[in-house]
Structures are given as C-alpha cells and as structure tokens.
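The next block holds one structure in the form of structure tokens; read it before the comments.
Chains as they are written, first to last, in our numbering: chain Y, 1 to 111; chain V, 1001 to 1115.
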C-alpha cells in the first residue's frame, strides 16, 4: 500500500465552484501534513500546512482526520488561477527523510 | 541566494554519456533532497542529505546514480552511462530541519532528455 494516496482526478469545475480533494495516508505515526501546488511544468510550491484543528487561508481550508487517516483540501469560489495539480504530503517525524508525496490531484477551473 | 537554484535548466545528452546536475540550496538550509518526476507522474524520491552526509540513499534507482554535497551547501547529482529511461525532470529541494513543520522549497528543476 502506498504511503499517501490521492484521487488523481482530473477535476474540471466551473469558476466560482467549490471543490474538495481528499488524501489518505497509511502510517498512523505520521506527524505533519501539507498541501503543495504544482503548476504545469513548474516546481511544487507549498500551499499550506494542515493542522489538527483544521485551518483556513482565504478561500482554502485544510482539515485533518487522524482517526481515519485522511486529509482534505477545500477550495471555495474557484478561480481560473487555481488550475494546477495539488500534492498531498505527509511527514512521519522531523529531522529525517520521512516525507511522502502523493501523486497529485489535477484541477482545471473552466471559465 | 533567494531561492533554490538548479543548473542546467535543460540538458540533452546521448545514451551512454555521463551527466552532472547541480543544486544550490537556500543559504542556511541543512536538509537537501533530490527527486525526479517523469511527465505526468508523481515525485520519486532519490536521496536526502543532512549537512554533507546522506542518511538515506534508498531512492537511487541504480548504481549509475550518485550524489554528493560539499560544504553543507551545493549538491551534485551524477548519472553515469545515461539511459533513455533516465529522462525526467530532476528536482532539488531544501529545508530547515528541526521542527515538525519541515517545509520544502523546490528549485525549478533540470529537464534531462536522453536521446
């Protein structure tokens, strides 16, 4: 079983829509969680960390469910510029290479 | 520098040749990672450095691949006797190590094409 699994999509949504992505992880010892964004032919960039209590950054909301071992990302009022691949990243512990990337979920926002 | 710098940005080589890819991490970042990404695929972990040492080389796909890091800064990934399946984007990332929120900063990658 993969460390991190994501629905690859693609998700094609109209502008203004709300869209949610889920990601599951296999190791219950995982400690830290992140969402990265990768534009076509570009490098991944950190979108947001995911905190246990859930966190919001503008139109983006991230949630963590430790019991079920999944992470979600909600995007409200989608913009054309949100079109990208969203990577779920899980870290087991600090200070060592225990970073695991999902294969990404492709989002296209349609005018 | 302001960000992670990789060179060259593009490299075209012939099968069987050796190539060197360079990564210059953000100043002060002790951790350095190499990944590769084939078209339409996820990131494949290659190797991780903490300072100049590589505690995890498990991702290197074969003994044709090697990497080193000197002075706790610049890293070089070397691929010997390149094969067509080595064609991919090679991404380097660096981070500060010490807290639970280990955020990676990526370079823009080296697009390697083996003909």
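Glycine is no exception: its CB is placed at the ideal position from the N, C-alpha and C atoms.
The three-state secondary structure of residue 1085/V, taken from DSSP, is helix.
About 6 Å separates the Cβ atoms of residue 1095/V and residue 1029/V, confirming a contact at the 8 Å cut-off. Judged by DSSP secondary structure, residue 1111/V falls within the beta strand (DSSP E) whose first and last residues are 1110-1114. According to the DSSP secondary-structure assignment, residue 84/Y is paired through a beta bridge with 107/Y. Rounded to the nearest angstrom, the gap between the Cα atoms of residue 1072/V and residue 1051/V is 5 Å. Between residue 1091/V and residue 1037/V, the CB-CB gap stays under 8 Å. CA-CA distance, residue 5/Y to residue 88/Y, rounds to 8 Å. Only residues of its own chain outside the window of five on either side were considered, and among them 90, 92 have a CB closer than 6 Å to the CB of residue 30/Y, listed in chain order. Residue-level contact check: residue 1077/V does not touch chain Y, since none of the beta carbons of chain Y fall below 8 Å from its beta carbon. Residue 105/Y has a beta carbon lying at 8 Å or more from every beta carbon in chain V.
For residue 102/Y, the neighbours in chain V by C-beta distance under 8 Å run, in chain order, 1042. Neighbours of residue 56/Y in chain V, taken as residues whose beta carbon is under 7 Å from its own, are absent, since the nearest beta carbon is some 17 Å off.
When 36/Y, 41/Y, 81/Y are compared, the shortest CA-CA separation from residue 50/Y is found for 36/Y.
Short of 7 Å from the beta carbon of residue 1012/V, and not among the five residues preceding or following it, lie these beta carbons of its own chain, in chain order: 1113, 1115. Identification of chain V residues near residue 91/Y by a Cβ-Cβ cut-off of 7 Å yields 1102, ordered along the chain. The Cβ atoms of residue 75/Y and residue 64/Y do not sit closer than 8 Å to each other. Taking a C-beta distance under 8 Å as the contact criterion, residue 1078/V and residue 1015/V do not qualify as a contact pair. The beta carbon of residue 1108/V falls within 8 Å of a beta carbon belonging to chain Y, placing the residue at that interface. Sequence-distant partners of residue 26/Y (beyond 5 residues in either direction) whose C-beta falls short of 6 Å from its own C-beta, in its chain, are 1, 3.
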